[in-house]
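Here the structure comes first, spelled out in structure tokens, and everything after it is commentary.
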Amino acid sequence: MKKLHVNVSVNKNELEFLCNPEDTLLDVLRNDLQLTGTKEGCSTGDCGACSVILDKKLVCSCLVLAAEVDGSEIDTIEGMADDNKLHPLQKKFLEHAALQCGICTPGILVAAKALLEKNLNPTEKEIRYWLAGNLCRCTGYDKIIRAVMDAASEMRNENGSNYS
Amino acid sequence: MIFAKPSSEKEAISLLNETSGMTRILSGGTDVLVQMKSGAIEPELIVDIKNIPGIKHIKAVSGGYEIGAAVSGSEFNNYPGLKDFTPGIAEAFDLIGSSQIQGRCTLAGNLCNASPAADTIPALSVSSCFAKIVGPNGFREDLVKNIPTAPGKNSLKKGEFIKSIIIPNRPDYSSDSYIRFTPRSEMDIAVVSAACFITLDKNQLIKDLKISLGAVASTVVHVDGLCDLVMDSKITDELLSKIAMICSSSCKPIDDKRGTIEFRSHVAGVLAKRAMILAHKRAGDKIEKIAR
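Chains as they are written, first to last, in the numbering used here: chain A, 97 to 260; chain B, 676 to 967.
Here it is in structure tokens:
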């Protein structure tokens, strides 16, 4: 079968790949681009483990065809830290021990980052609703929510913003 | 499977029309990809419509708002003024899936997927929304409520696809609402749902009432005859009880793990009443706002 040629920017790197028409973005990220930080969970868009940012929108990469993303910008968990400097969310997840097995963690970090980019002062309820599409079977969610709230607070202070 | 991403309507139509096997339109893909992976469908051709000019746009047009077929839930709900214009459609659209699904799911997709429990179909129906459809025989329009014909089936002909949905302008003191019953507050599918559209005059007398019920029959139930019943009345407990009864008896639900026939019919009446109270309140608030 003839492969499709796709140009894409992943974590600000211009890349190209060949894919089959039925390959998902998740397949290509993990199997072809070796970006295995994005996890495969349910593969039906229910668990959020495969969350990435596609053209500034949070999506499940298991529900995106690789062929669709020609010309798009994608941000994955691998682009979250600034070289060796962890993103405040990553730092707070460690401090709060907001993970156990870790399978859901990349997806939750990507989703939480998308939330804080549009709202740096979310309420606990807003965080819980925003992350409802990210399933975690270990933590009971509470530590995750605390870590996101703490990271948001730190980021507000860093920004020297007027939020309390 | 062939993947195509045409850059014009014309090209998309001829691709769809010339393929003999199963074809599917891809915009958000939140239903199509799940169905492909589960083996429920094996399309010969997938047409990604997102390169077609205008298909991703929301436009205020003379007749109302035009919502392109590839506009996602998050784009809709972040568009200034749309939530105020149609709180009912906005809340129905917003209830679909997670933040991740909101980045992709579309009104046209929800409509064509034709689930009996689709959240936006009752909400679009009560607001008399219609679809702009293009195909090999040219352009046509059809009311949203005529598009789903059975679970998973729609009335589009070979080669046709929806390019946009029109939410028509409404009389001054009108509003709408959508509520549903689910065991969980997020990430769930309606066991029963109700959408209401209401128009009042400036003395709070009802001039128009439409109620549609989801997940209580093979397609959305559009409750008939409500307008005559309520014309020029005020909202009273007695009227609400009568409407709840009519709505309950309009249902033809199934028994399944999510709800029994009896439960669904009863809850449909309760939700219809609550949806009407909510839409009535919103329309009433407009009377005050305009008077001020």
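We put the beta carbon where it would ideally sit given N, CA and C, even for glycine. All of these numbers come straight from a predicted model, not from anything done at the bench.
Using a C-beta cut-off of 8 Å, the segment 755-763 of chain B makes no contact with the segment 781-790 of chain B, since fewer than three inter-stretch Cβ pairs fall below that distance. Between A207 (chain A) and chain B, the shortest Cβ-Cβ separation is below 8 Å. Below the 7 Å Cβ cutoff, chain B contributes S773, Q775 as neighbours of G144 (chain A), in chain order. Contact between the segment 804-819 of chain B and the segment 897-905 of chain B is absent: fewer than 3 CB-CB pairs across the two stretches fall below 8 Å. The beta carbon of F678 (chain B) sits closer than 8 Å to some beta carbon of chain A. Identification of residues in the segment 705-734 of chain B having a C-beta nearer than 8 Å to some C-beta of chain A yields T705, L708, V709, M711, K712, S713, I721, D723, K725, given in sequence order. For the segment 746-758 of chain B, the set of residues with a beta-carbon nearer than 8 Å to any beta-carbon of chain A comprises S747, S749, in chain order. Note on Q775 (chain B): 16 or more other CB atoms within 10 angstroms of its CB, so buried under the neighbour-count rule. Residue-level contact by beta carbon fails for P184 (chain A) and chain B, as no gap is shorter than 8 Å.
Its Cα nearest to that of S849 (chain B), the residue B:G763 stands out among B:G763, B:S916, B:A793.
Chain A has a Cβ within less than 8 Å of the Cβ of M862 (chain B).
With contacts defined by Cβ atoms closer than 8 Å, G144 (chain A) and L231 (chain A) form a contacting pair. Pairing A892 (chain B) with K927 (chain B) gives a Cβ-Cβ distance under 8 Å.
Apart from sequence neighbours up to five positions away, the residues of its chain that approach S682 (chain B) with a beta-carbon distance below 8 Å are N726, I727, P728, ordered along the chain. Look at R855 (chain B): its C-beta is not under 8 Å from any C-beta on chain A. Between P117 (chain A) and chain B, the shortest Cβ-Cβ separation is below 8 Å.
Within a 10 Å sphere around the beta-carbon of K135 (chain A) sit 16 or more other beta-carbons, which makes this residue buried. P755 (chain B) is bridged by DSSP to nothing; it lacks a bridge partner. Within the segment 189-221 of chain A, the residues whose Cβ lies closer than 8 Å to some Cβ of chain B are A207, A210, L211, listed in chain order. In this structure, DSSP gives Y225 (chain A) a helical state, which the three-state scheme calls helix.
A distance below 8 Å separates the beta carbons of L720 (chain B) and L690 (chain B). For P218 (chain A), the closest of A:C197, A:C200, A:M251, A:P202 by C-alpha to C-alpha distance is A:M251. When C-beta distances to chain A are compared with 7 Å, the residues of the segment 778-791 of chain B below that value are G778, R779, in chain order. A distance below 6 Å between beta-carbons, with the five flanking residues on each side excluded, links A247 (chain A) to the following residues of its chain, in chain order: P184, L185, K188. Assigned with DSSP and collapsed to three states, V165 (chain A) falls in helix. Residue state for G175 (chain A) is assigned as helix, using DSSP reduced to three classes.
Around the beta-carbon of I240 (chain A), 16 or more other beta-carbon atoms lie within 10 Å, marking it buried. For the C-beta of L701 (chain B), the chain A residues within less than 9 Å are, from N- to C-terminus, L161, E164. Taken atom to atom, the span from the alpha-carbon of N103 (chain A) to that of D876 (chain B) is near 57 Å.
The Cβ atoms of V801 (chain B) and I910 (chain B) do not sit closer than 8 Å to each other. Nearest Cα to N829 (chain B) within the set B:P846, B:I918, B:A806: B:A806.
For G137 (chain A), the closest alpha carbon among the candidates A:W226, A:L216, A:L122 is that of A:L122.
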